[in-house]
Structures are given as structure tokens and as C-alpha cells.
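What follows is a single structure, written as C-alpha cells, with notes after it.
Number of protein chains: 2
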Amino acid sequence: MINIESKIELLKQKCSEANMRLTPQRIEVLKMIASTDTHPDAETVYEKVKEVMPFISLDTIYRTLASLEDLGLIFKVDNELPKSRYDADLSPHCHFICVKCGAVYDIHMDKSIEPPKESFKYGEVLQTNLQVKGICHKCRG
Amino acid sequence: MINIESKIELLKQKCSEANMRLTPQRIEVLKMIASTDTHPDAETVYEKVKEVMPFISLDTIYRTLASLEDLGLIFKVDNELPKSRYDADLSPHCHFICVKCGAVYDIHMDKSIEPPKESFKYGEVLQTNLQVKGICHKCRG
DNA sequence: GCTATTATTAGTAATAATTACTAATAAGGA
DNA sequence: TCCTTATTAGTAATTATTACTAATAATAGC
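Listed in order, the protein sequences are those of chains C and L. Position 2, counted from 1, in the first sequence is what this note's numbering calls 2; the numbers after and before it change by one each time, with no gaps. This note's numbering runs 1000 ahead of the 1-based position in the second sequence.
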């Protein structure tokens, strides 16, 4: 589980550096994503955050997700599902994605995945992701 | 480069097995994707196929892409770009994706990527994908 | 602490990608 | 060649995401 307090602290620091304001909306959105391992989509974040901030708009959710991504606090899970899914866990891990129900499970690893040597031929490498696609037990059962 | 003739032959065989018809639309869409390494999106396939089949509809492109995917002849490239990108190369390889312009480059490998052991905990594994994100030379230049 | 500046937000409209619908067409088995 | 029915073209509808605007509130300077 991610330490949410330190995550908020990091948000405060990053916002200050980037001349961005530390708004309660940003705090709540980050809290929500960091407190679950379900890799929620924008709509799910919206529904959850609305419980504590009833007047937040979906637009704010999308903008905030983009901001948090720019600050490097969260990232989108690579997938081919219709909706983008978000993750606040920056430790080295990859994902098992159920192609049937869209569930995303974390696969933790002791070290981060190295990009193949040939990668550097095409440009500057920023990140390397591994996904495992399959059918989860729930969908099989 | 993919051998297109054998790809069409495989389509013929798979269609027959699945009780699906071998239509010129399916042949042309598969040809188009198999003849390029640019991993085109639906719109690009549409524009290209229209050159030889001017009356084909975008709906047919989307349906055909889904059918070809079901038959295992093509697959979607995992990405977080707004449009789905298609690939007909089934040999073991992964992708370098430029986060700026959306270009997708093939990274060929001598053997396919093995899923981490922990993957099997979550369900039946169908495929394992590796993506390298970065900024391509063109966008850096 | 108060004020002014301006980044950010809520509410909503617009766009972009994909999917659904329906009547007409054509693949392929009999 | 005919018949059945999967498939298609054309278009409408849906879904996810982004853009717009006036109102609000975070924070720097006083």
C-alpha cells in the first residue's frame, strides 16, 4: 500500500516547484487513486471523490488526472480497454489485465524492467511497461 | 516484412473454420495492415482501403478490424493514445511508442517475452506485451 | 491578516473515437 | 443457379474525453 501522507507531501512540493496551486480537488483525487489498487478510470474517481466533494465536476477530474500525470505522481496503465486507467504506485511492477472484465492486477517485481537495447535506436526512452493479458479467475469461474 | 499471400491464405482458412465469409473487404483490410509497419489506426486503414474500394464504410473498417482480431490475425497495440493502433506481425516483438507524435516502431526480439511467474496467480495468461515509451528522434530534433 | 492577481474550478457544450441500427447486398453451400 | 443468411454501406447513436466561460479561491506581496 502506498503511503498517502508522503504522497500528499510530494504533491505539495511538486505543485510549488511547478507554480501550480495545491487545491483540495488535487489532494482528493490523488488520495483516491493512491488508496486503492483497482486502477480506477476517470468515472470511478469522479464517483468516489463526489462522496467527499459533491460539487466536483467530471471536467475537473480529467484535468486533475492530467495535471497529476504531468507532475509524475500518477500514470496511465497501458491497455486497449475503452477507458484510461490510473495508477499511483511508482514502484517497479507490471499489470495483469483481464480482457473480459477489464480488471487490472498488480504484479510486483524486485527490479524494474529494462528496455531492449534496440529501443535506444528510436529515441530517448522514458519508461518501459509490461502487461500480461488474460482471463482472470472470476471470469473463468 | 510479413508475407501477405500466406496471411490471406490464413484468413481464408480461419474464416472457413469460424463459419465466416471471405469478403473482399476483409482481404483488403488485412492486406493494408500487413503491408505496413506503421501500425495504422482505423481512420488510416479507412483512407487507404478507400483507394481501392471507394464505397467501403468506416463502420466496416471497425467491424472488420474486430473480426480479424477475433480470428487472431491482427492485434491492437497497447497504448494510451486516443486511437487504437493495429499490428499484423505476430512474430515476437515489442514497440517503441513516441509519446509526442504517436509513432510506433517495432523492436524485434529473438524470443518472446515470458510473463512473470506471479501472473498465473491472477488467471489464464493469453499474451505478454512490452512497450517502451519515449520521445522519437524526429520529435527531439 | 488583507488584498490583488491569476490559476483553477463547476457547469455545460463540443469533439473525437467507436459502436449500433437497418435495409440492401453478396458469399458460398445445396 | 438459387437460397439462406452473414456482411455491408450509410447513417445515427453512444461513449470517453476535451474545450469554453464566468465564478471562485490559492497564494504571493503588502
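Glycine included, every Cβ here is placed at the ideal spot set by N, Cα and C. In this text, all values refer to a predicted model and were calculated from it rather than measured experimentally.
With a Cβ-Cβ cutoff of 8 Å, do C/R21 and C/S67 count as a contact?
no
Within 10 angstroms of the Cβ of L/P1115, are there 16 or more other Cβ atoms? Answer buried if so, exposed if not.
buried
Using DSSP with H/G/I as helix, E/B as strand and the rest coil, what is L/F1120?
helix
With 16 other Cβ atoms within 10 Å as the buried cut-off, status of L/R1140:
exposed
Pairs of beta-carbons, one from the segment 1075-1095 of chain L and one from the segment 1120-1134 of chain L, closer than 8 Å: are there three or more?
yes
Is the CB of C/H39 under 8 Å away from at least one CB in chain L?
no
Got a sec: is the Cβ-Cβ distance from C/V125 to anything in chain L below 8 Å?
yes
Taking C/S119 as the query, report the chain L residues whose CB atoms sit under 7 Å from its CB, ordered along the chain.
F1096, I1107, V1132
From the DSSP output, read off the bridge partner residues of C/R21.
BP columns for C/R21 are empty, so no partner.
State the Cα-Cα distance for the pair L/A1042 and L/I1008, rounded to the nearest angstrom.
19 Å
Bounding residues of the beta strand (DSSP E) (the contiguous stretch that carries C/I113)
Counting along the chain, C/I113 falls outside any beta strand (DSSP E), and DSSP gives it neither H nor E.
How about C/R85 and C/P40: do their beta carbons lie closer than 8 Å?
yes
Please report how far the alpha carbon of L/E1069 lies from the alpha carbon of C/G123, in whole angstroms.
30 Å
Suppose you measure from the CA of C/D37 to the CA of C/H95; what does that come to, to the nearest Å?
11 Å
Interface positions of the segment 3-28 of chain C facing chain L (Cβ-Cβ less than 9 Å), listed along the chain
none
Considering only their Cβ atoms, is the gap separating L/K1014 from L/L1073 smaller than 8 Å?
yes
Please compile the residues from chain C whose C-beta is within a distance smaller than 7 Å of the C-beta of L/C1101.
Within chain C, no residue comes near L/C1101; the closest Cβ sits about 10 Å away, beyond 7 Å.
State the DSSP-derived secondary structure class of C/K83, mapped to helix, strand or coil.
coil
So what's C/C98 in DSSP terms, helix, strand or just coil?
strand
Short of 8 Å Cβ to Cβ, which residues in the segment 79-93 of chain C face chain L?
N79, E80, S84
If you draw a straight line from the C-alpha of L/L1011 to the C-alpha of L/E1047, how long is it?
22 Å
Quick check: what's the CA-CA separation for L/M1001 versus C/Y105?
35 Å
For C/I61, which option in C/S35, C/L71, C/A88, C/L30 has the closest C-alpha, if you only look at C-alpha atoms?
C/L30
Closest by C-alpha distance to L/N1019, when choosing among L/L1071, L/P1092, L/S1035:
L/L1071
What are the boundary residues of the alpha helix (DSSP H) that includes L/V1049?
1042-1050
Nearest-angstrom Cβ-Cβ length linking L/I1056 and L/A1034, presumed shorter than 8 Å
Wrong, their Cβ atoms sit about 17 Å apart, outside the cutoff.
Is the CB of C/T128 under 8 Å away from at least one CB in chain L?
yes
Give a yes or no on whether 8 Å exceeds the smallest Cβ distance from L/K1076 to chain C.
yes
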